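These notes are about the structure you will find just below.
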Amino acid sequence: MRIQHAGETFRKEDEIPVKVQLFVSCLADMVRPEAAIAAVHVLEKRGVGVEFPEGQTCCGQFSYNAGYQHEAAVMARHFVRVFESGTQEDPTDILALSGSCAATVMHTYPGLLYEDALQQGEPETKAREWKKRAEAVAGRVHEWSMWLGEHADQPMAPNGSPLPVAYHLGCHMRRLLPESRKAQDLLRALGIDAREPENAEECCGFGGTYSFTEPVVSTALADDKLANVQNLVQDAGAVCLTGADLGCLLHLEGRLRRQESSLPVCHVAELVELADQNRLTPDQVRQLEQGGGK
Amino acid sequence: MAGQLPYDNRPWPERRDAALQNQTMRHTIGFVTRRFTLIKGEIYRTSPDLEASRKTAVGQKRQAIRDLPQLLEQFRNQVERRGAHTYLAAQAQDAVDIALNIARSHQAELVIKSKSMVTEEIELNQAFEKAGIPVRETDLGEYIIQLAKERPSHILAPAAHRNRHQVEELFQADASREKISPPQSDEIEDLTRYARSRLRQEFLRADMGVTGGNFLVAETGTLVLITNEGNADMVTSLPPVLVSIVGVEKIVRDWASLTEIIQQPAMSGIGRHLSSYTTMIQGPKSPGSVEGPREWHVILVDNGRMALRDTEFEDVLSCIRCGACLNACPVFREVGGHAYGSVYPGPIGIVETPLLTDFQVLPELPSALCTLCHACQEACPMDIALPDHIISLRHTIVKRHLNSSTVNWTLRTWARFWSTPGGYRRSISLARVMQRLSGKKRNAQGLFPGIFAGWGQTREIPQVAPKTFHEWWQEWKERAEEK
Amino acid sequence: MAVDEGILRRFEEEWQGNAGKIFHIVQAEELQTVLTDLADANGVSDQNPIVVSGLSEKWAQWIRTWNMKQVYIWNPEDEAEEFRHRCADASVGITGCAWAAADAGSVCLYSQKDSSLLPSLLPPVHVVMISAAQIVSTFREGMDRLYRDARQGGEWPALVKIVAGPSMTADIEGQLILGVHGPRDVYAVIVDN
Numbered sequence: 049m050r051i052q053h054a055g056e057t058f059r060k061e062d063e064i065p066v067k068v069q070l071f072v073s074c075l076a077d078m079v080r081p082e083a084a085i086a087a088v089h090v091l092e093k094r095g096v097g098v099e100f101p102e103g104q105t106c107c108g109q110f111s112y113n114a115g116y117q118h119e120a121a122v123m124a125r126h127f128v129r130v131f132e133s134g135t136q137e138d139p140t141d142i143l144a145l146s147g148s149c150a151a152t153v154m155h156t157y158p159g160l161l162y163e164d165a166l167q168q169g170e171p172e173t174k175a176r177e178w179k180k181r182a183e184a185v186a187g188r189v190h191e192w193s194m195w196l197g198e199h200a201d202q203p204m205a206p207n208g209s210p211l212p213v214a215y216h217l218g219c220h221m222r223r224l225l226p227e228s229r230k231a232q233d234l235l236r237a238l239g240i241d242a243r244e245p246e247n248a249e250e251c252c253g254f255g256g257t258y259s260f261t262e263p264v265v266s267t268a269l270a271d272d273k274l275a276n277v278q279n280l281v282q283d284a285g286a287v288c289l290t291g292a293d294l295g296c297l298l299h300l301e302g303r304l305r306r307q308e309s310s311l312p313v314c315h316v317a318e319l320v321e322l323a324d325q326n327r328l329t330p331d332q333v334r335q336l337e338q339g340g341g342k
Numbered sequence: 135m136a137g138q139l140p141y142d143n144r145p146w147p148e149r150r151d152a153a154l155q156n157q158t159m160r161h162t163i164g165f166v167t168r169r170f171t172l173i174k175g176e177i178y179r180t181s182p183d184l185e186a187s188r189k190t191a192v193g194q195k196r197q198a199i200r201d202l203p204q205l206l207e208q209f210r211n212q213v214e215r216r217g218a219h220t221y222l223a224a225q226a227q228d229a230v231d232i233a234l235n236i237a238r239s240h241q242a243e244l245v246i247k248s249k250s251m252v253t254e255e256i257e258l259n260q261a262f263e264k265a266g267i268p269v270r271e272t273d274l275g276e277y278i279i280q281l282a283k284e285r286p287s288h289i290l291a292p293a294a295h296r297n298r299h300q301v302e303e304l305f306q307a308d309a310s311r312e313k314i315s316p317p318q319s320d321e322i323e324d325l326t327r328y329a330r331s332r333l334r335q336e337f338l339r340a341d342m343g344v345t346g347g348n349f350l351v352a353e354t355g356t357l358v359l360i361t362n363e364g365n366a367d368m369v370t371s372l373p374p375v376l377v378s379i380v381g382v383e384k385i386v387r388d389w390a391s392l393t394e395i396i397q398q399p400a401m402s403g404i405g406r407h408l409s410s411y412t413t414m415i416q417g418p419k420s421p422g423s424v425e426g427p428r429e430w431h432v433i434l435v436d437n438g439r440m441a442l443r444d445t446e447f448e449d450v451l452s453c454i455r456c457g458a459c460l461n462a463c464p465v466f467r468e469v470g471g472h473a474y475g476s477v478y479p480g481p482i483g484i485v486e487t488p489l490l491t492d493f494q495v496l497p498e499l500p501s502a503l504c505t506l507c508h509a510c511q512e513a514c515p516m517d518i519a520l521p522d523h524i525i526s527l528r529h530t531i532v533k534r535h536l537n538s539s540t541v542n543w544t545l546r547t548w549a550r551f552w553s554t555p556g557g558y559r560r561s562i563s564l565a566r567v568m569q570r571l572s573g574k575k576r577n578a579q580g581l582f583p584g585i586f587a588g589w590g591q592t593r594e595i596p597q598v599a600p601k602t603f604h605e606w607w608q609e610w611k612e613r614a615e616e617k
Numbered sequence: 711m712a713v714d715e716g717i718l719r720r721f722e723e724e725w726q727g728n729a730g731k732i733f734h735i736v737q738a739e740e741l742q743t744v745l746t747d748l749a750d751a752n753g754v755s756d757q758n759p760i761v762v763s764g765l766s767e768k769w770a771q772w773i774r775t776w777n778m779k780q781v782y783i784w785n786p787e788d789e790a791e792e793f794r795h796r797c798a799d800a801s802v803g804i805t806g807c808a809w810a811a812a813d814a815g816s817v818c819l820y821s822q823k824d825s826s827l828l829p830s831l832l833p834p835v836h837v838v839m840i841s842a843a844q845i846v847s848t849f850r851e852g853m854d855r856l857y858r859d860a861r862q863g864g865e866w867p868a869l870v871k872i873v874a875g876p877s878m879t880a881d882i883e884g885q886l887i888l889g890v891h892g893p894r895d896v897y898a899v900i901v902d903n
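Residue numbers (this note's numbering), protein chains in the order written: chain V, 49 to 342; chain G, 135 to 617; chain Y, 711 to 903.
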């Protein structure tokens, strides 16, 4: 990652792919579109053309992890169809706005679609064909912030001291995507002092459907996580809680609000956009929370 | 054939709430598990040769499980050649019966035991007590929970849920029953000293010893025991009759395989190169020796294990009971071992309990006690695919219709709506309607369908945006085209 | 055989890391001083003697020549039951070892007719005497040696014991306590050849 002086765009000559497909995830689409909008702005600012396949819905991870493999396979097939159309000659990278969804497509889809085809009585050749299609799509998927750190040039970090934030690296991104800790380097290069709370490697309790079916344990884990986040607020002056997985973030935000805390919670894309606009201040971060980003 | 496992018959919510209210337990378990996880990671980082051994050991152990019947036969031949006796117990009850027969034939009056998860699994102590033969647990943690009439809350630290004051109360009561001097205080030193002198007399008096086993070496007929306290050395050295009760899966092929794997339990469990004591038994004592049993019996326990061979879960039989997955598991750190209701808690317990019993007991474990964070996978020295197994067990639960109808309805409806763009759009409109009906008021979960309601019990429910990204993109694209 | 200083240092480091203590001696008289000091510090008396087993003939001879009244050396001709009682009452137990491993800070003892494990187990203090040449570099080499010894001897010892530190527990509140069932103090006395 090279640092360039801020200009109209920060495009890395010849190297940066000119076009990507965006998978925003169901959660960003429905409850935090600001994150996805910011992701689009950030990419375009770097000269990357964004394509949004409008048929997309959800990766199906919720269902798969809950043991509903056929239901997950139905959504996975839909995902594969949506993202493979029109890209046969010119396969683009697919950027997922969630580390966990990216991991599902990458690690789960090929085996799942193979197995489900057989379960549904399809012949072996058909099952293998689904596997191949899933692998082709899986090979193109990247988590948005990791991709950005690796492929795009960044604007010069503004002068002055970096803005401290509490950074939550979700378990699937941490353990299933190689080199995921590097995503934080992107933020640091932009003047965002991303700090992980104590016991960072411990699950926040979200766990997909686990957060609905086992709210008590899920919340006990959230409280442990938030106690460590609050320590960062107190000791390091962290101005918000951020991360690349909206599932974890919405769960933690929901808990904060129930406890009357106003600590802002936002997706990393929103912070990167603020940095791009040279508006990286505690005030601006607070406004994200109030829908100021729209 | 499915095995038999004892279990706590309180329903999960009751076990969970009892655990979460026990602040002592949560504090101690949290402290112990985090420390073990930290030092475990550190010792592998600083011992690349042992990390290499670990990888070799995984491959060798997988092969040993595939060759299990032949290796068991070889082990039995080797041990019997030296004058010991071996038995194969198909079910928990068979193992108990064999052990009781041995005790009765020697008119045993006091049995001393070192720590063994298999004897918890077959409920050996309860059977002996019922038969009027006192059994004394000698591992300090096991001794404490035996006095408290509890099950272990952690494979390695069975009494991790009790603090020093609670232990002192148990020892005081024990001392007054036995009419011996009680511990001098509730300092941990004094409590340990009490246990030492109390149990020392029983070590010297006992006429039968019972151990588990960490490894069985087929080639040499060796049984390996690993402890830190030295109690297994007492049990193997002092009583005239020794009964070792061991799961069949503990087998390794040969001395070379043992060499690769022997340090892994200590490395992964307590972050040391070796535990304080590694004891190997090769047979009854030779004439003239000071120590060792005159008679040695080895009971090999199946109890549902053999049925896991040649299934996708076969790697579970590689478990060396190091406890690393318990230590790494965030849910275990929150609720401790008792909440699982099984002899085997933590991620390995979630997987083994339904598998060994064919879902006869505690079928809720895979869904209720795992967030799928994959920390166990990272921790397991034997590379057991714990998260994949947990997902697979959840799938089995769905296939066998063991889930509630609410869960079934939610997940099926959800998939139906979200596998087409139209259904997806309709679900969003529906969510907006429900949101309007519930207004901004709290605890509006009654309006949310199926399992989604659970979220609102403890957290605010996120609002559907006035404009989804899909909707924003439509407008944005149109504006761009106008330009 | 030349003693490898690196191996020796590694053993000492790891043994101490396992909460063991070290004495290094060259002369027979030094051993006497060490043992006398240990006897004094640990309340050796007629009732609570020093029990000894499994030493090489040379070292056993050293100890015999001091004529210490409260020392019992196991002799296979003796009554096993009596020696067991002495071990149960003893303050200090002294043994030899078959080999020691530097990287794991451990010693290995075989139970055989002429060498008992009880002095390493029952008294609160265990002293293990190691000839510097007995220390192998890795635990893995030690395991190989054990296998060879057993094969060459024709029969495996009924019991083999590997000691890596004092008896310890963390079963109450995770706090480490030494000397729960076995010895609280373990001393390695390394004798240069």
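All C-beta atoms in this analysis are idealised placements derived from N, C-alpha and C, irrespective of residue type, glycine included. Just so it is clear, the structure is predicted and the values come from calculations on it, not from any experiment.
- Query: If you count every other CB in all the chains shown that lies within 10 Å of the CB of Leu294(V), and 16 or more means buried, which is it?
  - Reply: By the neighbour-count rule (16 or more Cβ atoms within 10 Å), Leu294(V) is buried.
- Use the C-beta contact count for Asn777(Y): other C-beta atoms within 10 angstroms, 16 or more gives buried, fewer gives exposed. When all chains shown are included, Asn777(Y) counts as exposed.
- Taking Cβ-Cβ distances below 8 Å as the criterion, which residues of the region 874 to 891 of chain Y are in contact with chain G? Of all residues in the region 874 to 891 of chain Y, the ones placed with a Cβ closer than 8 Å to any Cβ belonging to chain G are Ala874, Gly875, Pro876, Ser877, Met878, Thr879, Ala880, Asp881, Ile882, Glu883, Gly884, Gln885, Ile887, Gly889, Val890 and His891, in chain order.
- Message: Just to confirm the assignment, what range does the beta strand (DSSP E) spanning Gln69(V) have?
- Response: From DSSP, the beta strand (DSSP E) with Gln69(V) extends over Lys67 to Phe71.
- Euclidean distance between Cα positions of Leu718(Y) and Ser847(Y): So the alpha carbons of these two residues sit roughly 9 Å apart.
- Item | Exposure label - Gly115(V); buried when at least 16 CB within 10 Å | Here Gly115(V) is buried: its Cβ has 16 or more other Cβ atoms, across all protein chains shown, within 10 Å.
- Task: Report the three-state DSSP secondary structure of Arg406(G) (helix, strand or coil).
- Result: Correct three-state label for Arg406(G): coil.
- Task: Quick one: which residues of the region 820 to 831 of chain Y get their C-beta closer than 8 Å to a C-beta of chain G? List them in chain order.
- Result: Residues passing the 8 Å Cβ filter: Ser821, Gln822, Lys823, Ser826, Leu827, Leu828 and Leu831.
- Item | Between the CA atoms of Glu177(V) and Gln307(V) - distance to the nearest angstrom | Take the alpha-carbon of Gln307(V) and the one of Glu177(V): they are about 50 Å apart.
- Task: For Ile314(G), count neighbouring C-beta atoms within 10 Å of its own C-beta (all shown protein chains included) and say buried if the count is 16 or more, exposed if not.
- Result: Exposed.
- Query: From the DSSP output, which residues share a beta bridge with Glu271(G)?
  - Reply: The partner list for Glu271(G) (beta bridge, DSSP) reads Lys247(G).
- Message: In the DSSP assignment, the alpha helix (DSSP H) including Val90(V) goes from what residue to what residue?
- Response: Where Val90(V) is concerned, the enclosing alpha helix (DSSP H) stretches over Pro81 to Lys93.
- Message: Asn752(Y) and Pro834(Y) - do their beta-carbons sit closer together than 9 Å?
- Response: Judged by their CB atoms, Pro834(Y) and Asn752(Y) are nearer to each other than the 9 Å cut-off.
- Indicate whether at least one CB of chain G lies closer than 9 Å to the CB of Pro759(Y). Taking 9 Å as the threshold, the shortest C-beta distance from Pro759(Y) to chain G does not fall below it.
- Please work out which residues of its chain come closer than 7 Å, Cβ to Cβ, to Ala400(G), disregarding the five sequence neighbours upstream and downstream, and give them in chain order. Taken in chain order, the residues that qualify are Ile360, Arg406, His407, Leu408 and Ser409.
- Message: So with CB distances below 7 Å, who are the chain G contacts of Thr257(V)?
- Response: Close partners of Thr257(V) in chain G (Cβ separation under 7 Å): Ile585.
- Message: On the DSSP bridge list, what partners appear for Thr334(G)?
- Response: Reading the sequence as shown, one finds Arg at residue 334(G) and not Thr. DSSP output for Arg334(G) lists no bridge partner at all.
- Which full runs of the beta strand (DSSP E) of 3+ residues lie inside the region 405 to 441 of chain G, going along the chain? As far as the region 405 to 441 of chain G is concerned, its whole beta strand (DSSP E) runs of at least 3 residues are 411 to 415 and 429 to 435.
- Task: Determine, using beta carbons only, whether Ile142(V) comes closer than 9 Å to chain B.
- Result: Protein chains V, G and Y are contained in the structure displayed, whereas chain B is not.
- Query: Looking at chain G, which residues of the region 238 to 272 of chain V have a Cβ within less than 8 Å of any of its Cβ atoms?
  - Reply: Identification of residues in the region 238 to 272 of chain V having a C-beta nearer than 8 Å to some C-beta of chain G yields Asn247, Glu249, Glu250, Cys251, Gly253, Phe254, Gly255, Gly256, Thr257, Tyr258, Ser259, Phe260, Thr261, Glu262, Pro263, Val264, Val265, Ser266, Thr267, Ala268, Leu269, Ala270 and Asp272, given in sequence order.
- Query: Should the region 548 to 567 of chain G be regarded as contacting the region 240 to 256 of chain V, the criterion being three or more beta carbon pairs within less than 8 Å?
  - Reply: Judged by Cβ distances under 8 Å, the region 548 to 567 of chain G makes no contact with the region 240 to 256 of chain V, as fewer than three pairs qualify.
- Query: To the nearest whole angstrom, what separates the beta carbons of Val873(Y) and Val817(Y), a pair I think is in contact under 8 Å?
  - Reply: Taking C-beta atoms under 8 Å as the contact rule, Val873(Y) and Val817(Y) qualify, at a distance of about 5 Å.
- Message: I'd like the span of the beta strand (DSSP E) that includes Trp809(Y), first residue to last.
- Response: Per DSSP, Trp809(Y) belongs to the beta strand (DSSP E) from Trp809 to Ala811.
- Contact between the region 67 to 79 of chain V and the region 214 to 230 of chain V (3+ Cβ pairs under 8 Å): For the pair of segments examined, the region 67 to 79 of chain V was found not to touch the region 214 to 230 of chain V: the number of CB pairs separated by less than 8 Å stays below three.
- beta strand (DSSP E) runs contained entirely in the region 197 to 227 of chain V, provided each spans 3 or more residues: Counting only runs of 3 or more, we get 211 to 216.
- Item | Cβ-based neighbour list, Trp772(Y), same chain, cut-off 8 Å, excluding 5 preceding and 5 following | For Trp772(Y), the CB contacts under 8 Å within the same chain, skipping 5 residues up- and downstream, are Ala738, Leu741 and Gln742 in chain order.
- Kindly list, in the order they appear in chain G, the residues whose Cβ is closer than 7 Å to that of Cys106(V). Trp552, listed in chain order.
- Paired residues, beta bridge with Phe349(G) - DSSP: Phe349(G) is bridged by DSSP to Val358(G).
- Assumed close pair Val252(G), Ile379(G) - CB separation to whole angstroms, cut-off 8 Å: Indeed, because the Cβ distance is near 5 Å, the residues count as touching under 8 Å.
- Item | Opening and closing residue of the alpha helix (DSSP H) in which Lys273(V) lies | Where Lys273(V) is concerned, the enclosing alpha helix (DSSP H) stretches over Pro263 to Ala284.
- Give a yes or no on whether 9 Å exceeds the smallest Cβ distance from Trp809(Y) to chain G. No, because no Cβ of chain G sits closer than 9 Å to the Cβ of Trp809(Y).
- What's the gap between the Cα of Ile279(G) and the Cα of Trp192(V)? So the alpha carbons of these two residues sit roughly 51 Å apart.
- Item | Three-way DSSP call (helix, strand, coil) for Gly291(V) in this model | Three-state DSSP puts Gly291(V) in a strand.
- Task: Answer with yes or no whether the minimum CB distance from Tyr348(V) to chain G is below 9 Å.
- Result: Residue 348(V) lies beyond the residue range present for chain V, which begins at 49 and ends at 342; the question has no answer from this structure.
- Nearest to Val88(V) (by Cα), restricted to the options Val541(G), Lys617(G), Glu612(G) and Trp607(G): Nearest C-alpha to Val88(V): Trp607(G).
- Can you list the residues of chain G that Lys871(Y) reaches, using a CB-CB cut of under 8 Å? Around Lys871(Y), the beta-carbon contacts reaching into chain G at under 8 Å are Asp367, Tyr411, Thr412, Thr413 and Met414.
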